[in-house]
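FYI, my numbering numbers position 396 of the sequence shown as 399, with every residue one higher than the one before it.
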Amino acid sequence: MKSPLPIDGLLSECAKSLEEHSTLILQASPGSGKTTRLPPFLLHSSVIKKDSQIWVLEPRRLAAKFAATRVAEEEQVRLGDLVGYHFRFEKQYCAHTRLLYLTEGMLMRRLVHNPHLLGVSMVVLDEFHERHLHTDLALSFLTHLQTTKRPDLKIVIMSATLETERLQQFLPEAPILRLEAPLFPVISHFLEIEKSQKSLSVLVREMLEKEWTRNSHGDCLVFLPGMREIRACESELKSLSHSFKFLLLPLHGEIPKEEQEKAILPQSIRKVVLATNIAETSLTIPGVTLVIDSGLQRTASYSWWTGVPMLATKKTSKASCIQRAGRAGRTAPGICWYLFTKHDFESRPNFAIPEIQKADLAQTVLELKALGVSSLLKFPWFEKPSPASLDSSQQLLFQLGALDSKEEGGQLTPLGKEMKEFSVHPRISRFLIACRERKCLEKGIHLATLLSEGKLQTLDALDSLNHPLDFHSLRLQKQLHDAFVYRRADGQETSKNSPESSDALSLSLLEAFSDRVAMMKPNSQQNRTTDTLIEFVLASGGTATLMPGTQFSFNREAPYVIALEVQESKRAQRSFVNIHSLVSIKECWLYDLEPSPLSETEKIEWNKTKQKLTSFSQILLGQLILDSKERTIVDEDLAFEVLLKELFKVPLSALPSLSFQNWVLLFKIIFPQNEVESLLVRIQLFQTHQTQRPESPPLTPSELSVFLKFWLEKKRTLAEISDPQCLLAIENYFCRGEEYGLNKKLPCTLKLPNQKLATINYSFDRSPWVESRMQDFFGLTEAPALCDGKVPLTLHFLAPNYRAVQVTTDLQSFWNNHYPSIRKELSRNYPRHPWPENPRIPLPPSGRKKV
4 MKSPLPIDGL LSECAKSLEE HSTLILQASP GSGKTTRLPP FLLHSSVIKK
54 DSQIWVLEPR RLAAKFAATR VAEEEQVRLG DLVGYHFRFE KQYCAHTRLL
104 YLTEGMLMRR LVHNPHLLGV SMVVLDEFHE RHLHTDLALS FLTHLQTTKR
154 PDLKIVIMSA TLETERLQQF LPEAPILRLE APLFPVISHF LEIEKSQKSL
204 SVLVREMLEK EWTRNSHGDC LVFLPGMREI RACESELKSL SHSFKFLLLP
254 LHGEIPKEEQ EKAILPQSIR KVVLATNIAE TSLTIPGVTL VIDSGLQRTA
304 SYSWWTGVPM LATKKTSKAS CIQRAGRAGR TAPGICWYLF TKHDFESRPN
354 FAIPEIQKAD LAQTVLELKA LGVSSLLKFP WFEKPSPASL DSSQQLLFQL
404 GALDSKEEGG QLTPLGKEMK EFSVHPRISR FLIACRERKC LEKGIHLATL
454 LSEGKLQTLD ALDSLNHPLD FHSLRLQKQL HDAFVYRRAD GQETSKNSPE
504 SSDALSLSLL EAFSDRVAMM KPNSQQNRTT DTLIEFVLAS GGTATLMPGT
554 QFSFNREAPY VIALEVQESK RAQRSFVNIH SLVSIKECWL YDLEPSPLSE
604 TEKIEWNKTK QKLTSFSQIL LGQLILDSKE RTIVDEDLAF EVLLKELFKV
654 PLSALPSLSF QNWVLLFKII FPQNEVESLL VRIQLFQTHQ TQRPESPPLT
704 PSELSVFLKF WLEKKRTLAE ISDPQCLLAI ENYFCRGEEY GLNKKLPCTL
754 KLPNQKLATI NYSFDRSPWV ESRMQDFFGL TEAPALCDGK VPLTLHFLAP
804 NYRAVQVTTD LQSFWNNHYP SIRKELSRNY PRHPWPENPR IPLPPSGRKK
854 V
């Protein structure tokens with residue numbers, strides 16, 4: 004007989020909703036039975052076609068295995084017949100299996116071989132709130148499939164806690180059913196102060212002893228991040244288990260099935276279950292009245308340097324903390340001890356950040372390409388990753404040889420199709436395929452295991468092969484061995500005993516990590532002592548260092564390495580990248596890679612010492628210069644950009660929007676005087692006031708940009724650039740065929756009545772003007788005007804000491820109204836100078852003189 008569960012009363016309503024809709028969202032609290040009761044109920048309902056399958060996606064292998072086992076027991080069938088499970092490197096199902104529990108990643112692998120899910124009527128996404136990368140990806144692809152090739156496909160999204168608003172936006176037609184199983188009250192406690200120096204296992208012992216000394220009922224569930232912490236607590240609590248008479252039971256995917264069942268099933272005496280976050284929602288442990296929560300979990304993380312996925316210890320979200328505490332109130336009132344402060348809790352995010360927002364997407368892109376998705380930007384993502392993240396992933400796959408193009412529409416190459424067969428990061432699959440080709444696969448698998456887990460322990464990565472692997476690493480090594488040694492894409496076996504060499508391993512690593520090459524700076528080798536930092540230039544940009552005292556042998560002629568593991572650190576308020584593990588490579592290897600990561604480019608720079616442009620032909624690996632030779636400049640556009648940036652201190656993009664004043668400042672770099680401003684103002688006035696405008700380009704910032712590029716073409720030295728002929732070139736460019744008219748209507752000088760020539764000043768910030776001593780203007784009856792009288796000329800009268808006396812554009816008014824009083828004052832101060840009563844009569848000429 005099945006024991007009753009809270010979900011039982013909602014099963015018929017779920018089936019009815021799926022009869023009417025293609026998608027259902029079910030929010031039901033942990034322990035309600037949704038994972039083990041709803042899928043078999045639907046399997047036997049009219050919702051599912053006869054002989055078709057239901058696939059249930061679980062976030063963890065242990066959850067998939069336990070759910071399948073439990074359902075098989077309740078259905079009274081042998082596990083592997085009607086009900087089965089499948090996850091990486093382990094499966095139990097047959098051709099007649101109709102209800103299959105599998106991990107999220109396994110769904111993507113199955114889709115590659117069955118992209119339309121033929122024979123599958125329904126897919127259930129369990130524990131969706133955890134927002135794993137493959138969960139989001141599965142929902143995106145399944146809904147895409149549902150709206151295109153498989154409108155009959157049913158989708159059920161289940162979770163204990165859901166951000167339903169986001170789901171409703173993505174699936175507006177899907178009904179939402181909710182089930183809140185009643186909970187007993189749970190009293191939560193936080194630490195008063197931070198943990199200080201106490202270890203996690205000591206804190207667990209103190210809290211357990213404190214609570215069980217005053218409470219003799221119920222079991223205890225301890226949430227820990229991983230197996231290492233479980234073993235530490237197991238050791239710490241062993242003596243306490245004798246005095247309090249309880250069973251100490253770990254719960255983790257790596258322990259034997261019998262021990263797992265012992266932790267989950269009721270026991271005759273009290274028990275303390277040491278579990279990871281699998282017990283948060285995926286598995287229900289009855290009888291728990293005390294929860295001790297470390298607030299930590301092992302979560303999928305990614306090396307920011309290589310992109311290879313690995314597990315990292317992170318703080319849980321508020322939602323996870325609340326879910327964990329709720330495990331103490333399933334059967335009776337309970338208590339939860341959080342091993343962190345209230346302030347720590349309040350500072351945590353409400354929900355876990357979706358993995359797709361922080362993940363390296365190279366493997367995801369490879370999987371989507373294998374499914375025939377050509378445009379990643381148009382793919383209907385549930386949570387859309389950034390375009391930059393998708394672009395960098397496509398770039399990496401092209402670099403690895405998995406895609407035929409780094410552009411949006413790139414397709415899988417034969418190598419890419421082989422790489423997608425292995426459920427590891429593309430870098431790792433590319434490395435191991437290369438190792439297989441070079442007959443060094445055994446050592447390659449060992450090294451790939453260390454790379455995947457971030458456990459390279461030596462500076463020379465190849466020396467890490469001499470260190471034994473721990474239990475977890477041995478398991479991963481076996482999985483990689485089974486995948487790459489005993490099966491090949493073409494069905495052939497690979498020899499296990501092939502000759503191996505360090506060069507073969509290093510070359511294979513280069514195939515997968517060519518963008519992580521670094522070159523030692525020349526002076527780092529020459530000046531190297533045990534106390535100096537050895538500095539490298541990275542192909543990805545920037546520099547990295549080896550720590551002082553590091554001992555490692557470098558080839559002086561080819562000081563290239565692959566930086567496999569790096570860490571950021573801060574010293575003296577500066578950030579540094581430190582290389583922790585590397586392998587040495589030969590420069591000649593870089594030229595043989597396919598597809599080649601090298602590029603040939605023209606490097607043009609401004610030589611400040613020689614005051615000239617110089618050009619170099621360079622072969623680059625990312626930001627590394629492998630070879631550089633001086634050459635004649637070919638790329639005039641690039642030369643123009645370099646001159647703008649280095650000589651004129653302005654970017655090309657800013658030229659069209661520069662004001663005329665800024666253009667004047669720009670020209671003053673090569674013409675320190677005001678000739679350019681004067682000429683530009685004259686051209687502007689000429690084009691504004693001439694009656695018949697010739698077919699000349701208008702004087703605008705945009706046209707000035709065109710002229711500047713025209714003038715600088717093929718000019719390499721400062722002397723050539725600052726040639727005074729530039730002024731004539733400006734005049735010819737903007738006044739084609741009208742140079743005479745420009746100089747006639749807007750002259751540079753004005754002849755005064757005493758035959759002196761006064762300079763006419765032109766400026767963008769005021770009207771044209773001339774200045775001279777007042778005596779030079781005697782005999783002038785009207786203020787001169789330019790451009791056929793359309794542009795008035797401002798007159799600046801100076802005293803004999805050349806200080807300003809008066810400014811005017813109305814000369815008649817000045818002579819009549821102001822001159823008499825000024826004459827009276829200045830004649831007293833300067834009696835030796837003429838001050839006629841009638842200024843309209845010219846003085847005798849004193850010679851031509853430019854002022």
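Beta carbons are placed, not taken as given, at the ideal position from N, Cα and C, and that holds for glycine.
Three-state secondary structure assigned by DSSP to residue i
i, result
"Q621", "strand"
"N558", "Because the pLDDT at N558 is just 49, under 50, the model does not fix this residue reliably, and the point stays unresolved."
"V127", "strand"
"W308", "coil"
"K499", "Only weak support exists for where K499 lies, its pLDDT of 49 falling under 50; the value from the coordinates is given anyway. Coil at K499, not helix or strand."
"K613", "coil"
"D463", "strand"
"R91", "coil"
"K19", "helix"
"K152", "coil"
"I196", "coil"
"H119", "coil"
"V205", "helix"
"R685", "helix"
"S6", "coil"
N- and C-terminal bounds of the alpha helix (DSSP H) containing residue i
i, result
"S858", "This structure cannot settle anything about residue 858, because the visible part of the chain is limited to 4 through 854."
"D485", "474 to 487"
"V115", "107 to 116"
"W1", "An answer regarding residue 1 cannot be provided, because it is not within the stretch 4 to 854 covered by the chain."
"I724", "721 to 724"
"T100", "Run containing T100: none; DSSP gives neither H nor E here."
8 Å Cβ shell around residue i - same chain, five flanking residues per side excluded
i, result
"E571", "S578, F579, V580, N581"
"L623", "L601, S602, E603, T604, L629"
"E410", "Q397"
Sequence-distant residues of the same chain with beta carbon closer than 7 Å to residue i, five excluded per side
i, result
"W384", "S143"
"L13", "L180, L182"
"P837", "Q778, L846"
Contacting residues, own chain, Cβ-Cβ under 6 Å from residue i (five flanking each side not counted)
i, result
"L145", "V126, I158"
"E386", "D139, P357, I359"
"T811", "L798, F817"
"G332", "L186, F187, V189"
"S501", "Any reading at S501 needs caution, since the residue's pLDDT is 49, under 50, leaving its predicted position unreliable; the model's value is listed next. These residues qualify, in order along the chain: K442."
Element boundaries [beta strand (DSSP E), containing residue i]
i, result
"K157", "157 to 162"
"D222", "222 to 226"
"F539", "537 to 541"
"Y736", "Not the beta strand (DSSP E): Y736 falls in the alpha helix (DSSP H), residues 728 to 737."
Cutoff 7 Å: residue i Cβ touching any chain B Cβ
i, result
"G744", "The structure shown has no chain B; it contains just one protein chain."
Do the segment 210 to 222 and the segment 266 to 277 meet, that is, are 3 or more Cβ pairs less than 8 Å apart?
yes
Is the segment 125 to 134 in contact with the segment 75 to 88, if contact means three or more CB pairs nearer than 8 Å?
no
Any contact of the segment 360 to 368 with the segment 392 to 399, i.e. 3+ C-beta pairs under 8 Å?
yes
Quick one: which unbroken beta strand (DSSP E) runs of 3-plus residues sit fully inside the segment 770 to 848? Chain order, please.
797 to 801, 807 to 811
Ordered list of alpha helix (DSSP H) runs contained in the segment 615 to 683, each at least 4 residues
639 to 649, 663 to 671
Could you check whether the segment 88 to 97 touches the segment 11 to 30, counting it as contact only if at least three pairs of C-beta atoms, one from each stretch, sit closer than 8 Å?
no
Please go through the segment 236 to 292 and give each complete alpha helix (DSSP H) segment of 4 or more residues, from N-terminal end onward.
260 to 267
Is the segment 703 to 711 close to the segment 738 to 756, with three or more CB pairs under 8 Å?
no
Ignoring anything shorter than 3 residues, give me the beta strand (DSSP E) runs that lie fully in the segment 373 to 457, in order along the chain.
none
Counting Cβ pairs closer than 8 Å, one from the segment 473 to 489 and one from the segment 508 to 522, do we hit at least three?
no
Does the contact criterion of 3 or more C-beta pairs under 8 Å hold for the segment 345 to 362 versus the segment 59 to 72?
no
Runs of beta strand (DSSP E) lying entirely within the segment 307 to 373, each at least 3 residues, in chain order:
312 to 318, 337 to 344
Within 8 Å, do at least three Cβ pairs link the segment 168 to 176 to the segment 188 to 202?
no
The segment 446 to 457 / the segment 477 to 486 touching (three or more Cβ pairs under 8 Å):
yes
Quick check: the segment 128 to 139 against the segment 107 to 116, are at least 3 beta-carbon pairs closer than 8 Å?
yes
Meets three-Cβ-pair contact criterion under 8 Å: the segment 716 to 725 and the segment 781 to 796
no
Does the segment 637 to 645 come within contact of the segment 674 to 685, defined as at least 3 CB pairs closer than 8 Å?
no
Suppose only complete runs of 4+ residues qualify. What are the alpha helix (DSSP H) ranges in the segment 12 to 59, listed by chain order?
14 to 23, 37 to 46
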